[in-house]
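When you line the sequence shown up against our numbering, it's residues 1 to 391, in that order. Ideal placement from N, C-alpha and C gives every residue a C-beta, glycine not left out. See structure below.
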Amino acid sequence: MRYVYARMPGVAAIAAALLAFQGAARAPAEVRTGGPAAGPLRVCAANPRYFADPGGRVVYLAGAHDGWELQDYAWGDAQPDKPFDWKGFLDFLVRYGHNVFRLWAVEHTKIADADADLTTPMPYERAAGRGRARDGAERFDLDRFSPAYFERMRARTVEAGQRGIYVIVMLFQGWSIENKGGKVNPWPYHPFHPDNNVNGVDGDLDGDGQGRELQAWQGERHFLTVRQRAYVRKVVDTVGDLDNVLYEISNESHGASLEWQNHMVQYIHEYEQSRPKRHPAGISVPFPLPRKGEANAALLKTAADWIAPNAEPAGGFDYRRNPAPADGAKVVLSDTDHLWGDRCKDSTWVWKTFCRGLNPLYMDKWTHERSDPDREKVRRALGRTRACAAR
Numbered sequence: 001m002r003y004v005y006a007r008m009p010g011v012a013a014i015a016a017a018l019l020a021f022q023g024a025a026r027a028p029a030e031v032r033t034g035g036p037a038a039g040p041l042r043v044c045a046a047n048p049r050y051f052a053d054p055g056g057r058v059v060y061l062a063g064a065h066d067g068w069e070l071q072d073y074a075w076g077d078a079q080p081d082k083p084f085d086w087k088g089f090l091d092f093l094v095r096y097g098h099n100v101f102r103l104w105a106v107e108h109t110k111i112a113d114a115d116a117d118l119t120t121p122m123p124y125e126r127a128a129g130r131g132r133a134r135d136g137a138e139r140f141d142l143d144r145f146s147p148a149y150f151e152r153m154r155a156r157t158v159e160a161g162q163r164g165i166y167v168i169v170m171l172f173q174g175w176s177i178e179n180k181g182g183k184v185n186p187w188p189y190h191p192f193h194p195d196n197n198v199n200g201v202d203g204d205l206d207g208d209g210q211g212r213e214l215q216a217w218q219g220e221r222h223f224l225t226v227r228q229r230a231y232v233r234k235v236v237d238t239v240g241d242l243d244n245v246l247y248e249i250s251n252e253s254h255g256a257s258l259e260w261q262n263h264m265v266q267y268i269h270e271y272e273q274s275r276p277k278r279h280p281a282g283i284s285v286p287f288p289l290p291r292k293g294e295a296n297a298a299l300l301k302t303a304a305d306w307i308a309p310n311a312e313p314a315g316g317f318d319y320r321r322n323p324a325p326a327d328g329a330k331v332v333l334s335d336t337d338h339l340w341g342d343r344c345k346d347s348t349w350v351w352k353t354f355c356r357g358l359n360p361l362y363m364d365k366w367t368h369e370r371s372d373p374d375r376e377k378v379r380r381a382l383g384r385t386r387a388c389a390a391r
């Protein structure tokens, strides 16, 4: 297979040997991350396929994520009955030479009635003595942010940065407001469901039993926009002084969400104008899509500093088997979450992605399949591409 190699300092000289390097007997088993993460990152002017640090050095991002990095019990029965092993996860990233992960956030407290544990922490405080929410706990007060949520967000971002790891801070969650065509609908357990808050807020504007309107542009003065912007400001106030931060507006919001996501990117850019540091803000591909074959092209038209596409083929390329070469129109974070979900075990994908000038993110199942031999190959490949990029 022919590859188009990206121009990147130190990579061109070894590009022809990359595939051989993957299987080389003396390839390093571990490539450690070292030193604090330099930043804030910005799109590299000389090579806009990548970010650069304040010194102008290209930063190639490659790493894994698991889904529980910020909140425990975020996905119902999918998580074992114990809190996420944050320290072990951070050690894992360092051991394999990864330098980025997504700080996953969800907006629901439960996915199904039978879920025994509630997502914790949540962004809002509970209102004592003012009735019960659908999850059995006290209702939320949407006027009061929860210190526990934002303290954990900051603490984990700081800890990661000290170990050379960049954090993609996820703001919203597309899987929290609708059923995505499946059998489970988390919307009844969302703080903006009218049964779950003491503020009279209902995010289901059309009364269809889902909260899709929360992630569709309603206008600057709409009550939903006002509350969401307050949350965005709180996140930026919490981690915006740190160097290792990138923002992700939402994970797989629905196909009509792009205008809303674009406004949120613009709002972050606007809000950070008055702050000492500015950070990249990105948009992941919507799901489900209103029309096939258009989502990735639509991402390129947004104000996002980076994008995460899906696997839909275009021009003879697809981001699974034959990735489109990066052209610098946007920094591309190619995330297997939007290509295979959590099913990818193909280490060659890492090398193809790297050789095409993209930044690979791996949707791992580290909590459940820590010793899976095929996943081990993917994890090691991510670190090895970073070793190549550093030469």
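Ranked by how close their Cα comes to the Cα of valine 236, the residues Val201, Arg221, Glu220 and Tyr267 have Tyr267 in first place. Judged by pairs of C-beta atoms under 8 Å, the region 71-81 does not touch the region 296-311, as fewer than three such pairs exist. The residue from Tyr149, Ala281 and Pro313 with its alpha-carbon nearest to that of alanine 304 is Ala281. Sequence-distant Cβ neighbours of aspartate 202 in its own chain, meaning closer than 8 Å and more than five residues away, are Phe192, His193 and Pro194. Leaving aside the five residues that flank methionine 170 on each side, the residues in its chain whose CB is nearer than 7 Å to its CB run, in chain order, Arg102, Leu103, Trp104, Ala105, Glu248 and Asn251. Following the DSSP letters along the chain, one finds valine 245 inside the beta strand (DSSP E) bounded by residues 245-251.
Apart from the 5 residues on each side of it in sequence, alanine 38 sits with its Cβ closer than 8 Å to the Cβ of Asp53, Pro54, Gly55, Arg57, Val59 and Asp243 in its chain, given in chain order. In this chain, alanine 308 is not harboured by any alpha helix (DSSP H); it is covered by the beta strand (DSSP E) spanning 306-308. Between the alpha carbons of aspartate 141 and glycine 131 lies a gap of roughly 11 Å. The beta-carbon separation of proline 323 and threonine 353, rounded to 5 Å, stays under the 8 Å limit for a contact. In the three-state DSSP reduction, tyrosine 267 falls in the helix class (H, G or I). According to the DSSP assignment, phenylalanine 172 belongs to the beta strand (DSSP E) that extends over 166-173.
Membership of serine 347 in the alpha helix (DSSP H) is indicated by the continuous run 347-355. Rounded to whole angstroms, the separation of the alpha carbons of alanine 128 and threonine 336 is 41 Å. Counted as a single uninterrupted DSSP element, the stretch harbouring aspartate 141 is not any alpha helix (DSSP H) but the beta strand (DSSP E) occupying residues 140-145. When secondary structure is reduced to three states using DSSP, alanine 155 falls in the helix class.
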